[in-house]
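Going line by line, the protein sequences match chains L and Z. Each step along the first sequence adds one to the number in my numbering, with nothing skipped, and position 89 is 89. Count along the second sequence from 1, add 1000, and you get the number used in my numbering. Cβ atoms here follow ideal geometry from the backbone N, Cα and C, with glycine treated the same way. Owing to the predicted nature of the structure, the values given are computational and were not obtained by experimental measurement. Down below is the structure, laid out as structure tokens.
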Amino acid sequence: GNSVTQMEGPVTLSEEAFLTINCTYTATGYPSLFWYVQYPGEGLQLLLKATKADDKGSNKGFEATYRKETTSFHLEKGSVQVSDSAVYFCALSDREDDKIIFGKGTRLHILP
Amino acid sequence: NAGVTQTPKFRILKIGQSMTLQCTQDMNHNYMYWYRQDPGMGLKLIYYSVGAGITDKGEVPNGYNVSRSTTEDFPLRLELAAPSQTSVYFCASRGGGGRPNQPQHFGDGTRLSIL
Chain L
1 GNSVTQMEGP
11 VTLSEEAFLT
21 INCTYTATGY
31 PSLFWYVQYP
41 GEGLQLLLKA
51 TKADDKGSNK
61 GFEATYRKET
71 TSFHLEKGSV
81 QVSDSAVYFC
91 ALSDREDDKI
101 IFGKGTRLHI
111 LP
Chain Z
1001 NAGVTQTPKF
1011 RILKIGQSMT
1021 LQCTQDMNHN
1031 YMYWYRQDPG
1041 MGLKLIYYSV
1051 GAGITDKGEV
1061 PNGYNVSRST
1071 TEDFPLRLEL
1081 AAPSQTSVYF
1091 CASRGGGGRP
1101 NQPQHFGDGT
1111 RLSIL
């Protein structure tokens, strides 16, 4: 079945550091891939998505590229801010399933 | 621009009580979902629905029931509340007829404590 594996946290970085959160997936078809962000006390919000191989999703300075050959969708940001502190979820969806499959989430702490 | 609305935002129940968590969306989405999120953990799917009159179990359905009489509403009922059901509950919806490139839209959650 489909699955998503993302790096365990918490990840702690200083402000302006480079961020990478790893995400790999297993899927039988050609899934769409998503990153969601959850700020403290809130629900999940879509951060970015990519729907086919080699697509790059981007939003708010975050980027992720759909890599079919390595089945990965790593989240990156060149210079993080304190306001980026949140939990980040990688997720996939394909035609064979009515559900979106979420990873376990990675908590990110940015220190000023 | 309401999106997905959940009520109540907070609730404390005694063991054995029952309650209904309300969820409504104004985006005319066919797909709706209920998740629970325990402290420091990821999401677990409780129930989902692909349209009015159709519901299906997720990975943790025991102790819960749902109904979907309209496109807009997807209430979650807890019967005989237990401490293990203390959690944050999120409702989500998804449009596009189930096309895989459509993301889910989440409500702000209901924080439920069972004492």
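Residue i and residue j closer than 8 Å at C-beta
{"i": "isoleucine 21 of chain L", "j": "glutamine 1104 of chain Z", "result": "no"}
{"i": "proline 1075 of chain Z", "j": "threonine 1005 of chain Z", "result": "no"}
{"i": "leucine 75 of chain L", "j": "alanine 86 of chain L", "result": "no"}
{"i": "threonine 106 of chain L", "j": "glutamate 8 of chain L", "result": "yes"}
{"i": "threonine 1070 of chain Z", "j": "alanine 1052 of chain Z", "result": "yes"}
{"i": "tyrosine 25 of chain L", "j": "valine 11 of chain L", "result": "no"}
{"i": "valine 82 of chain L", "j": "alanine 17 of chain L", "result": "no"}
{"i": "aspartate 1026 of chain Z", "j": "glycine 43 of chain L", "result": "no"}
Three-state secondary structure assigned by DSSP to residue i
{"i": "valine 11 of chain L", "result": "strand"}
{"i": "aspartate 84 of chain L", "result": "helix"}
{"i": "glutamine 1037 of chain Z", "result": "strand"}
{"i": "serine 1067 of chain Z", "result": "coil"}
Residue range of the beta strand (DSSP E) that includes residue i
{"i": "methionine 1019 of chain Z", "result": "1019-1025"}
{"i": "tyrosine 30 of chain L", "result": "Run containing tyrosine 30 of chain L: none; DSSP gives neither H nor E here."}
{"i": "threonine 71 of chain L", "result": "From DSSP, threonine 71 of chain L is part of no beta strand (DSSP E); its letter is neither H nor E."}
{"i": "leucine 1115 of chain Z", "result": "Where leucine 1115 of chain Z is concerned, there is no enclosing beta strand (DSSP E), given that its DSSP letter is neither H nor E."}
Residue i versus residue j - alpha carbon distance
{"i": "leucine 13 of chain L", "j": "leucine 108 of chain L", "result": "8 Å"}
{"i": "cysteine 23 of chain L", "j": "phenylalanine 102 of chain L", "result": "11 Å"}
{"i": "leucine 19 of chain L", "j": "leucine 92 of chain L", "result": "21 Å"}
{"i": "serine 58 of chain L", "j": "lysine 77 of chain L", "result": "10 Å"}
Partner residues on chain Z for residue i, Cβ-Cβ distance less than 8 Å
{"i": "proline 112 of chain L", "result": "Simply none; closest approach about 23 Å."}
{"i": "glycine 103 of chain L", "result": "Gly1042"}
Proximal residues of chain Z, C-beta to C-beta of residue i below 7 Å
{"i": "arginine 95 of chain L", "result": "Pro1100"}
{"i": "glutamate 42 of chain L", "result": "Asp1108"}
Within chain L, partners of residue i - CB distance below 9 Å
{"i": "proline 1103 of chain Z", "result": "Ser32, Phe34, Tyr36, Leu46, Lys49, Ala91, Ser93 and Ile100"}
{"i": "phenylalanine 1010 of chain Z", "result": "The contacting residues do not exist; phenylalanine 1010 of chain Z stays about 11 Å from chain L at best."}
Closer than 7 Å at the beta carbon, the chain L residues around residue i
{"i": "glycine 1096 of chain Z", "result": "Neighbours of glycine 1096 of chain Z on chain L: none; closest Cβ ~10 Å, over 7 Å."}
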